[in-house]
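Q:
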Amino acid sequence: MKPDRIYMDNAATTRVDPDVVKAMTLHFSEGFGNSSSLHSFGSDAGRALSKSRETISRRVKARDHRLVFTSGGTESNNLALKGIAFANRKRGKHIITSSIEHDCVLNSCKWLEKQGFDVTYLPVDSEGFVDLGGLENAIRRDTILVSIMHANNEIGTMEPIGEIGRICSDHDVWFHTDACQSFTKAEINLEKQNIDLLTINSHKICGPKGVGGLFIRRDVAIDPIMHGGGQGSGLRSGTVNIPGIVGFAKAVEIMNDSRVEHMTRLRDMLIKGVLDIDGSRLNGPMRKRLCNNAHFSFRHIEGESLIVRLDLKGIAASTGSACSSGSLEPGHVLTAIGLEPEYTNGSVRMSLGRENTKDEIGYALEALNESVDILRRISPFKN
Amino acid sequence: MYNETVMEHFMRPRNTGEITDADGIGKARNPVCGDVMHIFISVNKNNAGEEIISDIRFQTFGCVAAIATSSMTTELAKKKSLDDALKITRDDVARALGGLPPIKMHCSNLALGALHAAINDYHEKQKQSKGNAQAGTL
Ligand code: FES
Numbered sequence: 001m002k003p004d005r006i007y008m009d010n011a012a013t014t015r016v017d018p019d020v021v022k023a024m025t026l027h028f029s030e031g032f033g034n035s036s037s038l039h040s041f042g043s044d045a046g047r048a049l050s051k052s053r054e055t056i057s058r059r060v061k062a063r064d065h066r067l068v069f070t071s072g073g074t075e076s077n078n079l080a081l082k083g084i085a086f087a088n089r090k091r092g093k094h095i096i097t098s099s100i101e102h103d104c105v106l107n108s109c110k111w112l113e114k115q116g117f118d119v120t121y122l123p124v125d126s127e128g129f130v131d132l133g134g135l136e137n138a139i140r141r142d143t144i145l146v147s148i149m150h151a152n153n154e155i156g157t158m159e160p161i162g163e164i165g166r167i168c169s170d171h172d173v174w175f176h177t178d179a180c181q182s183f184t185k186a187e188i189n190l191e192k193q194n195i196d197l198l199t200i201n202s203h204k205i206c207g208p209k210g211v212g213g214l215f216i217r218r219d220v221a222i223d224p225i226m227h228g229g230g231q232g233s234g235l236r237s238g239t240v241n242i243p244g245i246v247g248f249a250k251a252v253e254i255m256n257d258s259r260v261e262h263m264t265r266l267r268d269m270l271i272k273g274v275l276d277i278d279g280s281r282l283n284g285p286m287r288k289r290l291c292n293n294a295h296f297s298f299r300h301i302e303g304e305s306l307i308v309r310l311d312l313k314g315i316a317a318s319t320g321s322a323c324s325s326g327s328l329e330p331g332h333v334l335t336a337i338g339l340e341p342e343y344t345n346g347s348v349r350m351s352l353g354r355e356n357t358k359d360e361i362g363y364a365l366e367a368l369n370e371s372v373d374i375l376r377r378i379s380p381f382k383n
Numbered sequence: 001m002y003n004e005t006v007m008e009h010f011m012r013p014r015n016t017g018e019i020t021d022a023d024g025i026g027k028a029r030n031p032v033c034g035d036v037m038h039i040f041i042s043v044n045k046n047n048a049g050e051e052i053i054s055d056i057r058f059q060t061f062g063c064v065a066a067i068a069t070s071s072m073t074t075e076l077a078k079k080k081s082l083d084d085a086l087k088i089t090r091d092d093v094a095r096a097l098g099g100l101p102p103i104k105m106h107c108s109n110l111a112l113g114a115l116h117a118a119i120n121d122y123h124e125k126q127k128q129s130k131g132n133a134q135a136g137t138l
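Quick mapping for you: the protein sequence lines, in order, are chains E and X.
Just so you know, the first sequence maps onto residues 1 to 383 in the numbering used here.
Just so you know, the second sequence maps onto residues 1 to 138 in the numbering used here.
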């Protein structure tokens with residue numbers, strides 16, 4: 001059986017669920033009002049907004065947090081980092097993050113360094129875990145924020161955010177975590193895990209693109225980075241994207257435990273099959289791994305060549321190989337986990353979705369085996 | 001990102017493999033991304049007494065463009081005299097492939113580097129064997 005096309009790049013983005021589309025459509029045609037308006041069109045929109053806010057807030061047991069809607073994960077992370085930095089610069093100028101964060105966190109940090117802030121980039125171990133002792137040692141009297149992601153977008157490592165939250169609260173430092181990949185796929189409890197700020201987004205969970213959010217504990221001092229009409233409690237000006245937010249909430253509603261279990265099962269099947277291929281390795285941990293992430297390296301195989309071959313077989317995956325990046329350098333995550341050079345260039349990420357099936361995993365394994373074999377045959381490196 | 005000709009050479013690369021008793025072997029490494037190519041050539045004289053590349057094979061570890069340019073370089077060099085083969089430029093290779101994305105132009109240096117190295121290797125070996133032959137007659 002050869003399926004038509006198999007999408008295994010759900011960490012990049014996902015297909016929007018038909019129920020989400022349906023929920024959104026209504027808010028383009030009928031409930032199109034501006035939630036700031038006084039008339040009934042406005043209040044209808046306002047109601048939809050607060051209902052969506054409730055649905056999403058419930059998912060992370062938010063009590064003392066407000067939820068500010070943004071245009072996505074990148075904006076949320078920018079707001080968290082820059083907003084906290086500028087509102088608290090009298091208290092201190094030190095920020096701690098990890099070396100495997102998403103580019104929008106790392107590049108925000110680099111920009112903040114240019115503005116006079118001081119950033120510590122914590123190293124990670126060979127599976128991508130931040131060292132808790134190292135974090136504790138890095139906290140100084142002038143530290144204002146710790147920003148460490150929940151699940152790594154490339155290698156799927158789930159950082160121990162509960163422990164990190166506790167350390168931060170013990171030291172009276174605000175803790176932000178980027179949960180773009182893990183939201184609804186792994187448990188998040190803002191209170192239990194001592195999370196002060198949480199970045200979430202919609203398009204990784206079958207919601208629309210262009211919508212995200214930032215949970216902010218009420219007593220956190222934060223400045224807006226977008227100035228205007230004062231929407232989003234003054235933290236995010238701009239007319240509220242009601243259809244997008246309604247769709248986001250619907251996507252959250254739809255995502256349940258059985259879907260997570262389904263993805264976990266397929267992921268484990270895929271990992272087991274790939275590790276049978278000669279010269280393959282799993283990047284990231286075996287346990288404490290994001291339910292839909294599988295990331296491999298094949299010794300002496302170049303990732304772009306492999307991805308293109310897979311694509312011609314109908315399988316969509318992604319690679320962080322040097323050849324495929326604009327800079328021609330291996331990605332910062334693989335460098336941070338200390339992967340040997342003969343493995344860094346041959347990396348492939350296969351991120352599953354709830355629409356994937358067992359048959360598709362079987363087919364993908366066949367295609368991988370064949371493609372690796374062909375590329376090895378024309379390679380100067382034997383095995 | 002890649003055109004049809006590039007994809008065709010990537011999917012069905014010409015002249016792959018090695019020549020066990022090659023007259024010249026060249027190796028090149030892309031300093032930017034670490035990719036590696038080996039070229040093997042057999043050299044014969046044609047009727048006019050010119051040295052030509054009678055057979056050529058390659059092995060490449062690299063991206064789509066690296067594999068496609070390797071394939072095309074061997075196609076262009078095959079049956080050419082050594083002097084003419086040395087004149088092939090990366091623009092020739094790119095043109096024969098119908099164009100390469102600008103960021104991938106550097107990949108064709110890999111193939112040409114290996115080709116030049118193989119021809120040099122051949123000349124070196126010739127010198128040595130001549131030297132040996134002379135030494136033998138003394
Ligand atoms: S050989 Fe690495 S980018 Fe082409």
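Built from N, CA and C at the ideal position, the CB exists for glycine as well.
(1) Thinking E/F248 and E/V308 are a contact (beta carbons under 8 angstroms), I'd like their distance in whole angstroms, please.
(2) Could you tell me whether any non-hydrogen atom of the ligand FES is closer than 7 angstroms to the CB of X/C63?
(3) Taking the alpha carbon of X/M28 as the point to measure from, which residue in X/E51, X/E124, X/S129 and X/L115 has its own alpha carbon closest?
(4) For the segment 3–91 of chain E, list the beta strand (DSSP E) runs that are entirely contained and at least 3 residues long, ordered along the chain.
(5) What do you reckon, is the C-beta of X/C33 under 7 angstroms from a heavy atom of the ligand FES?
(6) May I have a chain-ordered list of the alpha helix (DSSP H) segments no shorter than 4 residues that lie completely inside the segment 63–138 of chain X?
(7) For the segment 37–67 of chain X, which residues have a CB atom closer than 9 angstroms to at least one CB atom of chain E, in sequence order?
(8) Would you call X/T20 buried or exposed, if buried means 16 or more other Cβ atoms sit within 10 Å of its Cβ?
(9) Which residues in chain E sit within 9 angstroms of X/I103, going by Cβ to Cβ distance?
(10) Would you say E/L375 touches the ligand FES, meaning its beta carbon is less than 7 angstroms from a heavy atom?
(11) At a Cβ threshold of 8 angstroms, is X/G34 touching chain E?
(12) Mapping the DSSP letters down to three states, classify E/M1 as helix, strand or coil.
(13) Starting from E/M269, follow the alpha helix (DSSP H) in both directions and report where the run begins and ends.
(14) Just to check my reading of the structure: E/C206 and E/V16 have Cβ atoms closer than 8 angstroms, yes? What is that Cβ distance to the nearest angstrom?
(15) Measure from the alpha carbon of X/N47 to the alpha carbon of each residue in X/K104, X/G17 and X/S81, then state which is nearest.
(16) Can you tell me where the alpha helix (DSSP H) with E/G229 in it begins and where it stops?
(17) Please classify E/Q115: is it buried, with 16 or more other beta-carbons within 10 angstroms of its beta-carbon, or exposed?
(18) Taking only three categories from DSSP, how would you classify E/I148?
(19) Taking buried to mean at least 16 other C-beta atoms within 10 Å of its own C-beta, is E/A80 buried or exposed?
(20) Please list, in chain order, all residues of the same chain as E/P243 whose beta carbon is under 7 angstroms from its beta carbon, the five residues on each side excluded.
(21) Leaving out five residues on either side along the sequence, give the residues of the same chain with a beta carbon under 6 angstroms from the beta carbon of E/D44.
(22) Would a check of beta-carbon distances place X/T5 closer than 8 angstroms to chain E?
(23) Rounded to whole angstroms, what's the CA-CA distance from X/V64 to X/K104? Just pull it up for me.
(24) Please list the partners that X/M72 has in chain E, where partner means a Cβ-to-Cβ separation under 8 angstroms.
(25) Suppose contacts are defined by Cβ-Cβ distances below 8 angstroms. Is E/S52 in contact with E/G42 by that definition?
(26) Residues in its own chain within less than 7 angstroms of X/G99 by CB, not counting five upstream and five downstream?
(27) Name, please, each residue of chain E whose Cβ falls closer than 7 angstroms to the Cβ of X/T16.
(28) Under 7 angstroms from any heavy atom of the ligand FES, does the C-beta of E/C109 make it?
(29) How would you write the range of the alpha helix (DSSP H) that E/N369 sits in, first residue to last?
(30) May I ask you to list, following chain order, the residues of the segment 294–308 of chain E that have a beta carbon less than 8 angstroms from some beta carbon of chain X?
(31) CA-CA distance, X/G34 and E/R140?
(32) Can you check which of these residues, E/Q181, E/M226 and E/N78, is closest to E/N201 by C-alpha distance?
(33) Chain X partners of E/F41, CB-CB under 9 angstroms?
(34) Does chain X have any CB closer than 8 angstroms to the CB of E/F69?
(35) Could you tell me the boundaries of the beta strand (DSSP E) in which X/G26 lies?
(36) In angstroms, rounded to a whole number, what distance separates the CA positions of E/D118 and E/N293?
A: The relevant details are as follows:
(1) Contact doesn't hold; Cβ gap of about 33 angstroms is too wide.
(2) yes
(3) First, the amino acid is wrong: residue 28 of chain X is Ala here, not Met. Out of X/E51, X/E124, X/S129 and X/L115, X/L115 has the C-alpha closest to the C-alpha of X/A28.
(4) 65–70
(5) yes
(6) 64–77, 82–86, 90–96 and 107–137
(7) M37, H38, F58, Q59, T60, F61, G62, C63, V64, A65, A66 and I67
(8) exposed
(9) G326 and L328
(10) no
(11) yes
(12) Its pLDDT being 48, under 50, E/M1 is placed unreliably in this model, and the value from its coordinates should be taken loosely. E/M1 falls in the coil class under three-state DSSP.
(13) D257 to L275
(14) 6 angstroms
(15) X/S81
(16) Run containing E/G229: none; DSSP gives neither H nor E here.
(17) exposed
(18) coil
(19) buried
(20) M24, H27 and F28
(21) G31 and G33
(22) no
(23) 9 angstroms
(24) Near X/M72 there are no residues of chain E at all, since even the closest Cβ is about 14 angstroms away, more than 8 angstroms.
(25) no
(26) N3
(27) I378
(28) no
(29) K358 to R377
(30) H300, I301, E302, E304, S305 and V308
(31) 40 angstroms
(32) E/Q181
(33) Ordered by position in chain X, no residue passes the 9 angstroms Cβ test against E/F41, which lies about 45 angstroms from the chain.
(34) no
(35) G24 to R29
(36) 33 angstroms
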